Every structure is written in structure tokens, then in C-alpha cells.
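Q: Here's a structure for you.
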Amino acid sequence: MRASLFLISLALSSAACSDATEFAEDAGVKEEAVSTPATAQAKAAAGGANAISKETEQYQFAYAWPEEAGRHDKLAAFLQEDADHMQGELAKEAAEDWKGAEGQDWTPRQHSASLEWKVVTDTPRFLSLSGHLATYSGGAHGMYGVESLVWDKKADDGMDAKVLFQSPTRLETALGAELCAKLNKEREKRRGIRVDPNSGDSFDNCPGLDEATVLVGSSTGKTLDRLTIYFGPYVAGPYAEGDFELDFPVTAAVLDAVKPEYASGFSIKR
Numbered sequence: 300m301r302a303s304l305f306l307i308s309l310a311l312s313s314a315a316c317s318d319a320t321e322f323a324e325d326a327g328v329k330e331e332a333v334s335t336p337a338t339a340q341a342k343a344a345a346g347g348a349n350a351i352s353k354e355t356e357q358y359q360f361a362y363a364w365p366e367e368a369g370r371h372d373k374l375a376a377f378l379q380e381d382a383d384h385m386q387g388e389l390a391k392e393a394a395e396d397w398k399g400a401e402g403q404d405w406t407p408r409q410h411s412a413s414l415e416w417k418v419v420t421d422t423p424r425f426l427s428l429s430g431h432l433a434t435y436s437g438g439a440h441g442m443y444g445v446e447s448l449v450w451d452k453k454a455d456d457g458m459d460a461k462v463l464f465q466s467p468t469r470l471e472t473a474l475g476a477e478l479c480a481k482l483n484k485e486r487e488k489r490r491g492i493r494v495d496p497n498s499g500d501s502f503d504n505c506p507g508l509d510e511a512t513v514l515v516g517s518s519t520g521k522t523l524d525r526l527t528i529y530f531g532p533y534v535a536g537p538y539a540e541g542d543f544e545l546d547f548p549v550t551a552a553v554l555d556a557v558k559p560e561y562a563s564g565f566s567i568k569r
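If you're matching positions, the sequence shown starts at 300 in this note's numbering and goes up one per residue.
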């Protein structure tokens, strides 16, 4: 399992919602594009069976995870460790800003970071979680994104959902042309113009899954049979366009892209 989810969260924060189908809603992906720090903190504090929050003059912090995650001791310990690390990094960065402002005629803006984990699905083999991140460090606007964490109950260990597959490229190939087609359809809806993939504009290109978050879900509660591809701000479009959530069923091609050791936990969506 990763040493700290916050390291990946930082990548997201330096990097709106679509009319996604029921899976995105089940996954808890639907959120306001960017909450104010106070709102984000309140949501995280109220959103899980286990919630941590702290506010000082320099920063606001909130971290929460659901009851289902707390049932697995190793997972709960990992999330607690990640929360401690995330708060420590936030406090350090905020303190550096305040120190840099000493003797100046201005005061830094209060920093904030929140991460709330929600249940995507809970099957006999896997507990799939989506982590909703919001950060602010004094700039023009905050950043936000979604993380993935899948707990393998059989191995008593966790991973990013991408690790369930042989590679992001294999999964991308399995999804085929529909991945770009769905993304462009949503882009065109927001922009009001056709997307030209040959324009040379990076926001007209189709990003690879190495730039996406993958969430795995279930329509039966027994096996994983659907997934969402999530592109955060600045990945598939400018900040003003928000993030993109694209839903797909597990097909035979997708199932072939799953690593053999995890294949028994998946099924083709009927």
C-alpha cells in the first residue's frame, strides 16, 4: 500500500460536475466544484463515522472516513496515519507562509485541506472508496479532485484501483474509442462547439488513463462490474470547465485487462 495518499493528493491539487449516471452518484463523486474552506471542513467532519478536524489562525484541516472502512483495523490505521501526515504537511506549509510574511504589511490567507472518503461499493472481496480532496493555499482559487482506494479483504491490503488492472494502457485499450467519444461529448456540451482533436490545443486531446482516477463499482453488491474514469481540473479542460466523470460497464475486454489475481472479484455487467 502507498506510504501516503497525501503525496498523490498534492499532485491533484497542483493540477463542476457532469450529468453522470447513477454509478457516479453512488460513488459520491458528485460534489460542488470547490467549497469554501469552512464548508469543506464541515462536510468532511460530518461525512464519516471517523472524522478529524482542526482550525488554527493559519489553517483549517478535515479528514473523514466511513464506518465500513473503520471495520478493517489495518485500513483504519492507514487512514489515521495518512490524516496525521496530511495535517502535518498542511501545518508546515502554512507556517512557512506566515514566517515569510513576518515584517511585511500583509497577512497570508488561511490555508485549508480536506479529504473525505466515501463508499463506492462493498463487495465480499473488495471495499472500494472514493476520496474527495479540496485544498487552498492562498491563490486565486482552491483545487479539488478525487482519489481511489480499493481494500482487498482477501489480502488485507489496499491499492489504487488502477493496480487491479495490468496497466492503465491495457484498460485504456479495453475501453477503446468510447473513452474519447464520451469525453468529447461532454466537452462539447460545456463549450457549445465541436472538439477538434487535431487543433493542437492540449485541451482538445484525449488524456491517457495515467492522468485519470479510476473508481470501481458494483451494480449487484457481489462483484465489480462498472467503473468511472475521472479527469480532474486542468486535465481534460481549463479550470472553468470543471472535472469530468465518465461511466463504463465492465465488458469482456475490460475483464481481460484485469490482473488474474483479482479477476474473480469482477464480472461482466449484464
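Don't be surprised by glycine CBs; every beta carbon is placed ideally from N, CA and C.
The structure displayed is predicted, hence computed values, not measured ones.
(1) Short check: CB of Tyr358 to CB of Ala390, under 8 Å?
(2) Just verifying my parser: in three-state terms, what is the DSSP assignment at His384?
(3) Candidates Phe464, Glu477, Pro496: which alpha carbon is nearest Val515's?
(4) Quick check on the DSSP output: the beta strand (DSSP E) that includes Val418 runs from which residue to which?
(5) Expressed to the nearest angstrom, what Euclidean distance is found between the alpha-carbon atoms of His431 and Gly541?
(6) Grouping DSSP H, G and I as helix and E and B as strand, with all else coil, what is Thr512?
(7) Taking only runs that begin and end inside the segment 459 to 487, name each unbroken alpha helix (DSSP H) of 4 or more residues, in chain order.
(8) If you draw a straight line from the C-alpha of Gly520 to the C-alpha of Thr420, how long is it?
(9) Output yes or no for whether 8 Å exceeds the beta carbon distance between Glu544 and Thr527.
(10) Spatial neighbours of Glu331 within its chain, please: CB distance less than 6 Å, with the 5 preceding and 5 following residues excluded, ordered by chain position.
(11) For a quick check, are the C-beta atoms of Ser427 and Ala375 less than 8 Å apart?
(12) Check whether the Cβ atoms of Tyr443 and Pro532 sit closer than 8 Å, and answer yes or no.
(13) Could you have a look at Trp397 and say whether DSSP puts it in helix, strand or coil?
(14) Is the CB-CB distance between Trp416 and Trp364 below 8 Å?
(15) Is it the case that the Cβ atoms of Met385 and Ala350 are separated by a distance below 8 Å?
(16) Measure the Cβ-Cβ separation of Arg408 and Gly564 and say whether it is below 8 Å.
(17) To the nearest angstrom, report how far apart Gly399 and Ala511 are at their CA atoms.
(18) In the DSSP assignment, what residue or residues form a beta bridge with Ser517?
A: This is what the structure holds:
(1) Within the sequence shown, the letter at position 59 stands for residue 358. Within the sequence shown, the letter at position 91 stands for residue 390. Yes.
(2) Here residue 384 refers to the residue found at position 85 of the sequence shown. Reduced to three states, the DSSP call for His384 is helix.
(3) On the sequence shown, position 216 is the one that residue 515 refers to. For the residues Phe464, Glu477, Pro496, the minimum Cα distance to Val515 belongs to Phe464.
(4) Your numbering for residue 418 matches position 119 in the sequence shown. Note, Val418: beta strand (DSSP E), 410 to 421.
(5) Your numbering for residue 431 matches position 132 in the sequence shown. Your numbering for residue 541 matches position 242 in the sequence shown. Distance between the alpha carbons of His431 and Gly541 is about 14 Å.
(6) Stepping through the sequence shown from its first residue, residue 512 is reached at position 213. Here Thr512 sits in strand by DSSP.
(7) 467 to 474
(8) Walking along the sequence shown from the start, residue 520 turns up at place 221. Walking along the sequence shown from the start, residue 420 turns up at place 121. Their Cα atoms are separated by approximately 7 Å.
(9) Counting from one through the sequence shown, the residue named residue 544 turns up at place 245. Counting from one through the sequence shown, the residue named residue 527 turns up at place 228. Against a cut-off of 8 Å, the Cβ pair of Thr527 and Glu544 comes out as a contact.
(10) Along the sequence shown, one-based indexing puts residue 331 at 32. Caution is warranted here: a pLDDT of 35 is assigned to Glu331, below 50, making its placement in the model unreliable, and no coordinate value can be reported.
(11) Locating residue 427 in the sequence shown gives position 128, where the first residue counts as 1. Locating residue 375 in the sequence shown gives position 76, where the first residue counts as 1. Not a contact, by the Cβ cut-off of 8 Å.
(12) What you label residue 443 is simply residue 144 of the sequence shown in a count that begins at 1. What you label residue 532 is simply residue 233 of the sequence shown in a count that begins at 1. Contact flag set, yes.
(13) Locating residue 397 in the sequence shown gives position 98, where the first residue counts as 1. Helix, per DSSP.
(14) Position 117 of the sequence shown, counting from 1, holds the residue named residue 416. Position 65 of the sequence shown, counting from 1, holds the residue named residue 364. Contact: yes.
(15) On the sequence shown, position 86 is the one that residue 385 refers to. On the sequence shown, position 51 is the one that residue 350 refers to. In this structure, Ala350 does not lie closer than 8 Å to Met385 by Cβ.
(16) Sequence index remark: in the sequence shown, residue 408 carries index 109 (1-based). Sequence index remark: in the sequence shown, residue 564 carries index 265 (1-based). Going by C-beta atoms, Arg408 is not nearer than 8 Å to Gly564.
(17) Walking along the sequence shown from the start, residue 399 turns up at place 100. Walking along the sequence shown from the start, residue 511 turns up at place 212. Straight-line Cα distance between these residues: approximately 35 Å.
(18) As a first step, residue 517 must be located in the sequence shown, where it is residue number 218. According to DSSP, which records beta bridges pairwise, Ser517 is partnered with nothing at all.
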